[in-house]
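Student: The numbering used here runs 36 ahead of the 1-based position in the sequence shown.
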Amino acid sequence: MANGPPTPPPTTEAEIQDEARASAENPANATITAFASASPPSIQPDAFQATFPTIVNLASQSDFRRLIEVAENANINVCDPTTQTRLPDIISSTPLITYLVELMASTWDRKHAKVYSRAQELFNLVHQPGFFDEQLASVLTSLVSTFIHSFRQRTVALLSTAYTSLPLPLAQEYLGMEQVELLAGESGQGCL
Numbered sequence: 037m038a039n040g041p042p043t044p045p046p047t048t049e050a051e052i053q054d055e056a057r058a059s060a061e062n063p064a065n066a067t068i069t070a071f072a073s074a075s076p077p078s079i080q081p082d083a084f085q086a087t088f089p090t091i092v093n094l095a096s097q098s099d100f101r102r103l104i105e106v107a108e109n110a111n112i113n114v115c116d117p118t119t120q121t122r123l124p125d126i127i128s129s130t131p132l133i134t135y136l137v138e139l140m141a142s143t144w145d146r147k148h149a150k151v152y153s154r155a156q157e158l159f160n161l162v163h164q165p166g167f168f169d170e171q172l173a174s175v176l177t178s179l180v181s182t183f184i185h186s187f188r189q190r191t192v193a194l195l196s197t198a199y200t201s202l203p204l205p206l207a208q209e210y211l212g213m214e215q216v217e218l219l220a221g222e223s224g225q226g227c228l
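1) For the alpha helix (DSSP H) containing Ser153, list its first residue and its last residue.
2) Going by DSSP, what residue range makes up the alpha helix (DSSP H) through Phe183?
3) Would you mind stating whether Phe131 and Leu161 have Cβ atoms separated by less than 8 angstroms?
4) Between Thr67 and the rest of its own chain, which residues show a CB-CB distance below 6 angstroms, the 5 nearest in sequence each way excluded?
5) Within its chain, find whatever has a CB closer than 8 angstroms to the CB of Thr143; leave out the 5 residues flanking it on each side and keep chain order.
6) Whose C-beta lies closer than 6 angstroms to the C-beta of Arg154 among residues of the same chain, with five residues either side of it excluded?
7) Taking Gln208 as part of the alpha helix (DSSP H), name the residues at either end of that continuous run.
8) Specify whether the segment 167-179 and the segment 88-105 touch according to this definition: at least 3 beta carbon pairs, one from each stretch, less than 8 angstroms apart.
9) Would DSSP call Glu214 helix, strand or coil?
10) Please classify Gly166: is it buried, with 16 or more other beta-carbons within 10 angstroms of its beta-carbon, or exposed?
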């Protein structure tokens, strides 16, 4: 049948023996079978690649709760605890993962000055010419900017409950801002 689906390659011992016997009887058929078996399989996107447009859309809408839910579901659908997965070389060959882990660790350890410097490093990385994925760079830029804004707002709220006044150098460290930015925010120009 010319328009039917391709025949899968033999997998059991009996199928392999049958194919060898058929090849011995008809050498032209063996060539066709070998060529059909050698064709590359069609590449299907994995769950993350299929989910990425939804993640981009949710990030652009700042719907982070839903974004997390979608990403976690994609992770559940992909992860098999019996196998180890490896990041693609294009991702693992860049410092992207290291920068993300360092940003998370600085946030977890409440090293405020490091949080802002790590975020800036990540921002600079994704804006380098030739970054491997422009759409990913755009999403990371949006997420990091939103994260820093939220982190700064939460820090201001915590500082306002802990201090009645705060020395400028300490405010600069906690908020990751220069003196001019802090004073502009203080005077009501909206930098905070």
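The C-beta atom is built at its ideal place from N, Cα and C for all residues, glycine as well.
Tutor: According to the structure data:
1) 148-162
2) 170-198
3) Before going on, a small fix: residue 131 reads as Pro here, not Phe. In this structure, Leu161 lies closer than 8 angstroms to Pro131 by Cβ.
4) Summary for Thr67: the model assigns pLDDT 41, below 50, so the residue's position carries little reliability; its value from the coordinates is reported in the next sentence. Excluding sequence neighbours, Thr67 sits near nothing in its chain.
5) Val151, Phe187
6) Glu138, Leu139, Ser142
7) 204-211
8) yes
9) coil
10) exposed
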